[in-house]
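Undergrad: One line per chain: the protein sequences are A and B, in this order.
Under the numbering used here, the first residue of the first sequence carries the number 4, and numbering increases by one thereafter.
Under the numbering used here, the first residue of the second sequence carries the number 191, and numbering increases by one thereafter.
We put the CB at the ideal spot given by N, CA and C, even for glycine.
Just so you know, these numbers come straight off a predicted model, no measurement behind them.
Take a look at the following structure, please.
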Amino acid sequence: MRAAVLVFPGINRERDMARALKLVCGHEPAMLWHLETALPEGTDLVVVPGGFSYGDYLRCGAIAARAPIMDAVRAHAAAGGLVLGVCNGFQILCEAGLLPGVLMRNAALKFICRDVHLRVERSDSPFTRGYNAGQVIRVPTAHGEGNYVADQDTIDRLEGEGRVLFRYTAPDGTLDPAWNVNGATNAIAGILNERGNVLGLMPHPENHVEATLGSTDGRGLLAGLSDHFARAA
Amino acid sequence: MAKGSRKTREALRTHAPPEKLNRKSGQRTKLKPGASPRADATGPVRRPIEPRVSAALAAAHGLTAQEYAHIRSLIGRTPTFTELGIFSAMWNEHCSYKSSKIHLRTLPTAAPWVIQGPGENAGVIDIGSGLAVVFKMESHNHPSYIEPYQGAATGVGGILRDVFTMGARPIACLNALSFGAPSHPRTRHLVSGVVAGIGGYGNSFGVPTVGGSVRFHTRYDGNCLVNAMAVGLAESDKIFYAAASGIGMPIVYLGSKTGRDGIHGASMASAEFGEDTEEKRPTVQVGDPFSEKLLLEACLEIMAKGCVVAIQDMGAAGLTCSAVEMGAKGGLGVTLDLDRVPCRERGMSAYEMMLSESQERMLMVLKPEKEKEAEGIFRKWGLDFAVVGETTAGMRFVVRHRGRIKADLPIKELGDQAPVYDRAHVSARMPASVQIADVIPPIPTMEALLRLLGEPDLCSKRWVWEQYDYVILGNTVQRPGGDAAVVRVNDGPKALALTTDVTPRYCEADAFEGGKQAVAEAWRNLTAVGARPLAVTDNLNFGNPERPEIMGQLVDAIRGIAHACQALEFPVVSGNVSLYNETSGRAILPTPTIGAVGLIDDYAKAATLAFKAPDEAILLIGETAGWLGQSIYLREICEREEGAPPPVDLAAERRHGDLVRALIVEGIATAAHDVSDGGLLIALAEMAMASGIGAELDRAPLAAHAFWFGEDQGRYVVTVKAAVAEKVLARARASGVPARQLGFTAADSLILQDERAIPVARLRERFEGWLPAYMAGAHG
Chain A
4 MRAAVLVFPG INRERDMARA LKLVCGHEPA MLWHLETALP EGTDLVVVPG
54 GFSYGDYLRC GAIAARAPIM DAVRAHAAAG GLVLGVCNGF QILCEAGLLP
104 GVLMRNAALK FICRDVHLRV ERSDSPFTRG YNAGQVIRVP TAHGEGNYVA
154 DQDTIDRLEG EGRVLFRYTA PDGTLDPAWN VNGATNAIAG ILNERGNVLG
204 LMPHPENHVE ATLGSTDGRG LLAGLSDHFA RAA
Chain B
191 MAKGSRKTRE ALRTHAPPEK LNRKSGQRTK LKPGASPRAD ATGPVRRPIE
241 PRVSAALAAA HGLTAQEYAH IRSLIGRTPT FTELGIFSAM WNEHCSYKSS
291 KIHLRTLPTA APWVIQGPGE NAGVIDIGSG LAVVFKMESH NHPSYIEPYQ
341 GAATGVGGIL RDVFTMGARP IACLNALSFG APSHPRTRHL VSGVVAGIGG
391 YGNSFGVPTV GGSVRFHTRY DGNCLVNAMA VGLAESDKIF YAAASGIGMP
441 IVYLGSKTGR DGIHGASMAS AEFGEDTEEK RPTVQVGDPF SEKLLLEACL
491 EIMAKGCVVA IQDMGAAGLT CSAVEMGAKG GLGVTLDLDR VPCRERGMSA
541 YEMMLSESQE RMLMVLKPEK EKEAEGIFRK WGLDFAVVGE TTAGMRFVVR
591 HRGRIKADLP IKELGDQAPV YDRAHVSARM PASVQIADVI PPIPTMEALL
641 RLLGEPDLCS KRWVWEQYDY VILGNTVQRP GGDAAVVRVN DGPKALALTT
691 DVTPRYCEAD AFEGGKQAVA EAWRNLTAVG ARPLAVTDNL NFGNPERPEI
741 MGQLVDAIRG IAHACQALEF PVVSGNVSLY NETSGRAILP TPTIGAVGLI
791 DDYAKAATLA FKAPDEAILL IGETAGWLGQ SIYLREICER EEGAPPPVDL
841 AAERRHGDLV RALIVEGIAT AAHDVSDGGL LIALAEMAMA SGIGAELDRA
891 PLAAHAFWFG EDQGRYVVTV KAAVAEKVLA RARASGVPAR QLGFTAADSL
941 ILQDERAIPV ARLRERFEGW LPAYMAGAHG
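Right, here's the structure in full:
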């Protein structure tokens, strides 16, 4: 799997993501500066990592969504290529129009860094083939604006088309407002676009890939992607 | 110097009328030598009128009559207005350490692993494998009280710059926060703003905030403390320093533009607060973590490319301090051309530019042949880059602006001739020890435990640290909530243990013992995770040093710190002094915060405090006499804040710690925790709450309240497999370390002989409940 990790000014989890990709998939990803206009030849997966692009001084992700490299990312997605946005990356993909909805301030109006439990809703997506449907994974969140909101029609479509891929739940996988870390609509933590090739996800699977650092639950996502491309090849 | 600040503000107002911000700040004009950055600005530029320099104006700048006279004799004339500003910036307490200098010299600063001790931007220690750790702690107390979010945020920004200025990539931040009584009307506002500010800066910059401490006491009502520590990693042969070298070398200004924010920030931090505190809001700087992140990446990139000769961040007293330090340390003069300084506002005077504390700025001496390459890198990151001066042979500090010489001063004397005071100091009278028999327990032990767990100083600080990103960079082995944070070094197996500690109520009762204890407590916390303690940074927060009793606290605390650092081979490699922490004549508790770094050879072997399994033996390492003086039990349960603090026996400290560390490294100890605030039963409850596993404890060998809640020093709780308990106790005896078995881990309740059992879940409820409820407005 050939991955490219985008680097906007103010992004700060690009090293974490690159390190996790190397560790889990065995390949060093290409690091792509925001002023580039093309993806490296043969890019399988584009990763938009977490951080505070442009300081998030405007709406989160709004400026990065208009960076030169994003046209290439849109073209890649339009051609069916895979795109993964994590945290600020999710916000950027929403602002870029690649995913519906918006990420509002957390319901508690505070930045929250905490391990959360996510229920994997489907395992038949390239992003979740490393998990079983219904499996609960523990990964960290670290964001101030991860409260997913969209109009009712959009929410209905996301739910109806099975595009909600990850949900905040209790450790046993049951829905419980007490475990919905940011108050997201329907406890949505991660969604797919219509075509199923673009995923936006608030928590950080890339920070849970080593047992000695707490958990390996984040590996499944990256390993699953790697496997997906290995089979396709 | 404390009284002049109000007048200073008035002086500033008269000569510098507020003007509209230059909204064109986004525009980057390539500067030709001598070109004014304001050339592109439209509209009339108001030329500030400079006030006449007089003794009264000097006093308004916080300079005493003697200091002003010294300045006049030093330069042989009356200083210009700009020069007066420069002297006030260099000679205030914050920058000159004039009250503390002679005492700080007594601190031990050397060890074979010390690469750089105090005097640079940060301390540097060798951790082997060609790597060095760069770290320092610094206070941002006054700004945080005036404007908590920006004050705390820029405190974090400043200390991060100190670390990456030396060529290190920051890998962790910690902090130590002291707030007023929970019932004080301003406390909640300050907690909320300070915590959000620390998180807002560190999270965006992208460094994990992995540890710290939070306390409340009425003596911080009018003066909260925000001490921020940053830790960075560098290659030990690629450390960058401030000393300039070479004559005629270009001095380059990097980073954000200069504005009118923070003018006289350092002078403000060198005066006590009075009625006019609110008026000082404009002296607080505004932080921009986004720019700082870009500055970090750009600096590390040009350092890696070999462009940098010397580098200094613009912190307190901005351009003045950084330029003078680079020249003076390198034995060179410096000439600055202020017309080339990138400005955010039009019409700034030389005085304002020299004193501005706008954030996220650096000064560098570059290799002339690398100038183009360095500029390219800075442009790529969208940062300002301007050659603003050069090094000279003359040992003069010359400032030019609009075709005039605004300052021409002897550079060496600006720093070296700063006043040094041996201020009068008296030690406080030693309070009498509190005898066990004099303390009648008003409530049963387990009831006291529950009360204490929900007490502001002992309760969980989760509400605070969950607002900090502590997982970013993917190396956080032990998260907040343990004895020390553990952060892996690159891909391991080495890791750093990090902590910040001090017990201000001990220091108030006996500053010498309190100073010792702060160091010993830090050493103990590093030891409790299995680390070898290496070095400390000290952040000395005290009241007005012009009062002999306050100066006495400072002198005694430094003596205590020196004593402990010597005995524990734990040198001080960097530090900061914050004085004048008083409001309307009432000083804070003496708070010499100790930040410390230890090394773990294999992070997989680090110990945590959580009980691991039922039926393991719980052992207490160290002697328990039942010391109740200055204990939290005495304060909270008996409502008595009195007595001598527990003494620290440094030789015993070392023996006990060395044994515990060995038990951890050899894999014998399954859990370890130091016994500190609140005493033994609090420590045991914390071990239970961290795991959900309870304990069955034997009857206390002395009066229960003294045994369970006394705060005797040099103690740890460790758990071991039951089968090896006897062997471990024998080993302790053989090493001259007092040790006893307290009982066994068991099920899910904390059970004390003759007392009611309390489920661990109930302990947690108490422990986790207070702070979120308080911040939601439930009490206080």
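At 4 residues or longer, what runs of the alpha helix (DSSP H) sit wholly inside the stretch 708 to 793 of chain B?
TA: Qualifying alpha helix (DSSP H) stretches, in chain order: 738 to 757.
Undergrad: May I ask you to list, following chain order, the residues of the stretch 5 to 31 of chain A that have a beta carbon less than 8 Å from some beta carbon of chain B?
TA: Within the stretch 5 to 31 of chain A, the residues whose Cβ lies closer than 8 Å to some Cβ of chain B are P12, G13, N15, R16, R18, D19, R22 and A23, listed in chain order.
Undergrad: Along the beta strand (DSSP E) that carries B:E337, what are the first and last residues, could you check?
TA: The residue labelled residue 337 of chain B in the question sits at position 147 within the second sequence. It is not in any beta strand (DSSP E) - B:E337 carries neither H nor E in the DSSP assignment.
Undergrad: What is the DSSP secondary structure of A:C3, counted as helix, strand or coil?
TA: No statement about residue 3 of chain A is possible, as the shown extent of chain A runs from 4 to 236 and does not include it.
Undergrad: Within this structure, are the beta carbons of B:R923 and B:G812 separated by less than 7 Å?
TA: Walking along the second sequence from the start, residue 923 of chain B turns up at place 733. Walking along the second sequence from the start, residue 812 of chain B turns up at place 622. Going by C-beta atoms, B:R923 is not nearer than 7 Å to B:G812.
Undergrad: Cutting at 7 Å between CB atoms, please list the residues of its own chain near A:A235, excluding the five before and the five after it.
TA: What you label residue 235 of chain A is simply residue 232 of the first sequence in a count that begins at 1. Excluding sequence neighbours, A:A235 sits near nothing in its chain.
Undergrad: Using only the alpha-carbon positions, how far apart do B:A432 and B:T355 sit?
TA: Taking the first residue of the second sequence as position 1, residue 432 of chain B is located at position 242. Taking the first residue of the second sequence as position 1, residue 355 of chain B is located at position 165. In a straight line, the C-alpha of B:A432 is about 9 Å away from that of B:T355.
Undergrad: Kindly list, in the order they appear in chain B, the residues whose Cβ is closer than 8 Å to that of A:L216.
TA: Counting from 1 along the first sequence, the entry for residue 216 of chain A is found at position 213. Under the 8 Å cutoff, chain B gives G664, N665, T666, V667 and R678.
Undergrad: Scan the stretch 632 to 687 of chain B and note each continuous alpha helix (DSSP H) run of 4 residues or more that stays entirely inside, going in chain order.
TA: For the stretch 632 to 687 of chain B, whole alpha helix (DSSP H) runs of length 4 or above, ordered along the chain, are 635 to 643 and 652 to 655.
Undergrad: For B:S334 and B:V421, what's the separation of their Cα atoms in angstroms?
TA: As a first step, residue 334 of chain B must be located in the second sequence, where it is residue number 144. As a first step, residue 421 of chain B must be located in the second sequence, where it is residue number 231. Approximately 21 Å, taken between the alpha carbons.
Undergrad: Give the residues of chain B in contact with A:I115, contact being defined as C-beta atoms less than 9 Å apart.
TA: As a first step, residue 115 of chain A is located in the first sequence; it is residue number 112 there, counting from the start. Simply E656 and Q657.
Undergrad: Evaluate B:S764 with the Cβ neighbour count: other Cβ atoms within 10 Å of its Cβ, from every protein chain shown; 16 or more gives buried, anything less gives exposed.
TA: Position 574 of the second sequence, counted from the first residue, corresponds to residue 764 of chain B. Result: buried.
Undergrad: Between the stretch 434 to 453 of chain B and chain A, which residues of the former have CB atoms less than 9 Å from a CB of the latter, in chain order?
TA: The residues in question: there are none.
Undergrad: Along the stretch 169 to 185 of chain A, what residues have a CB closer than 9 Å to any CB found in chain B?
TA: Those residues of the stretch 169 to 185 of chain A that come within reach of chain B (Cβ to Cβ, closer than 9 Å) do not exist; the list is empty.
Undergrad: Starting from A:R122, follow its DSSP beta bridges and name the residues at the other end.
TA: Within the first sequence, numbered from 1, the residue matching residue 122 of chain A stands at position 119. A:V139 and A:R170.
Undergrad: At the level of alpha carbons, what is the spacing between B:H205 and B:Y287?
TA: Start at 1 with the first residue of the second sequence, and residue 205 of chain B comes out as number 15. Start at 1 with the first residue of the second sequence, and residue 287 of chain B comes out as number 97. At B:H205 the pLDDT is 33, less than 50, meaning the model places this residue with poor confidence; the figure from the coordinates comes in the next sentence. The straight-line gap from Cα to Cα measures roughly 29 Å.
Undergrad: Kindly identify the DSSP beta-bridge partner or partners of B:A862.
TA: The count along the second sequence starts at 1 and reaches residue 862 of chain B at position 672. Answer is B:V908.
Undergrad: Looking at C-alpha atoms only, which residue of B:A366, B:A343 and B:V353 is the closest neighbour of B:A386?
TA: Within the second sequence, residue 386 of chain B is the residue found at index 196, counting from 1. Among B:A366, B:A343 and B:V353, the Cα nearest to that of B:A386 belongs to B:A343.
Undergrad: Give me the Cα-Cα distance between A:A23 and B:N665, rounded to the nearest whole angstrom.
TA: Reading the first sequence from its first residue, position 20 is the one you call residue 23 of chain A. Reading the second sequence from its first residue, position 475 is the one you call residue 665 of chain B. Those two C-alpha atoms are separated by around 12 Å.
Undergrad: In the DSSP assignment, what are the bridge partners of B:R594?
TA: As a first step, residue 594 of chain B is located in the second sequence; it is residue number 404 there, counting from the start. Paired residues: B:H591.
Undergrad: Name the chain B residues that come within less than 9 Å of A:G58, Cβ to Cβ?
TA: Locating residue 58 of chain A in the first sequence gives position 55, where the first residue counts as 1. Simply S394, D478, P479, F480, S481 and K483.
Undergrad: Can you name the residues of chain B whose CB is closer than 9 Å to the CB of A:F55?
TA: The residue labelled residue 55 of chain A in the question sits at position 52 within the first sequence. Neighbours of A:F55 on chain B, chain order: N393, S394, F395, G396, P479, F480 and K483.
Undergrad: Can you tell me where the beta strand (DSSP E) holding B:L526 begins and where it ends?
TA: Taking the first residue of the second sequence as position 1, residue 526 of chain B is located at position 336. Segment G523 to D527, the beta strand (DSSP E) holding B:L526.
Undergrad: Output yes if chain B places a C-beta closer than 7 Å to the C-beta of A:P143; else output no.
TA: Taking the first residue of the first sequence as 1, we reach residue 143 of chain A at position 140. Interface residue, yes.
Undergrad: At a CB-CB cut-off below 9 Å, which residues of chain A make contact with B:G389?
TA: Taking the first residue of the second sequence as 1, we reach residue 389 of chain B at position 199. What B:G389 touches in chain A: K113, F114, C116 and G147.
Undergrad: Per DSSP, B:G318 is paired with what?
TA: As a working mapping, residue 318 of chain B is identified with position 128 in the second sequence. Looking at the DSSP assignment, B:G318 forms a beta bridge with B:L321.
Undergrad: Would B:E542 and B:R450 qualify as a contact pair, given that the criterion is a beta-carbon distance under 7 Å?
TA: Against the second sequence, residue 542 of chain B aligns to sequence position 352. Against the second sequence, residue 450 of chain B aligns to sequence position 260. Yes, the pair counts as a contact, with Cβ atoms nearer than the cut-off.
Undergrad: Can you find a C-beta in chain A that's less than 7 Å from the C-beta of B:K661?
TA: Numbered from 1 along the second sequence, position 471 holds the residue referred to as residue 661 of chain B. According to the sequence shown, residue 661 of chain B is Val rather than Lys. Judged by the 7 Å Cβ criterion, B:V661 is in contact with chain A.
Undergrad: When you compare only the Cα positions, how much space is there between B:G216 and A:A67?
TA: If you number the second sequence from 1, residue 216 of chain B lands on position 26. If you number the first sequence from 1, residue 67 of chain A lands on position 64. Low confidence applies here, because B:G216 scores a pLDDT of 31, under 50, leaving its location unreliable and the question unanswered by this model.
Undergrad: Cβ closer than 8 Å: which chain A residues qualify as neighbours of B:Y793?
TA: What you label residue 793 of chain B is simply residue 603 of the second sequence in a count that begins at 1. In chain order: T215.
Undergrad: Would you mind sorting A:P43 into buried or exposed? The rule is 16 or more other CB atoms within 10 Å of its CB.
TA: Locating residue 43 of chain A in the first sequence gives position 40, counting from the first residue. The residue in question, A:P43, is exposed, as its Cβ has fewer than 16 Cβ neighbours within 10 Å.
Undergrad: Are A:L121 and A:F169 close, meaning C-beta to C-beta below 7 Å?
TA: Position 118 of the first sequence, counting from 1, holds the residue named residue 121 of chain A. Position 166 of the first sequence, counting from 1, holds the residue named residue 169 of chain A. Going by C-beta atoms, A:L121 is nearer than 7 Å to A:F169.
Undergrad: What first and last residue would you give for the alpha helix (DSSP H) that runs through B:Q256?
TA: Here residue 256 of chain B corresponds to residue number 66 of the second sequence, with the count starting at 1. Per DSSP, B:Q256 belongs to the alpha helix (DSSP H) from A255 to I265.
Undergrad: Taking a Cβ distance cut-off of 8 Å, strictly less, list which residues of the stretch 567 to 588 of chain B are near chain A, in chain order.
TA: Those residues of the stretch 567 to 588 of chain B that come within reach of chain A (Cβ to Cβ, closer than 8 Å) are W571 and G572.
Undergrad: Ignore the nearest five residues each way along the sequence and tell me which others in B:G973's own chain have a CB closer than 6 Å to its CB.
TA: No answer is possible for residue 973 of chain B: the residues shown for chain B start at 191 and end at 970.
Undergrad: Taking the continuous beta strand (DSSP E) assigned at A:W36, which residues delimit it?
TA: By one-based count along the first sequence, residue 36 of chain A stands at place 33. Unbroken beta strand (DSSP E) run through A:W36: A33 to W36.
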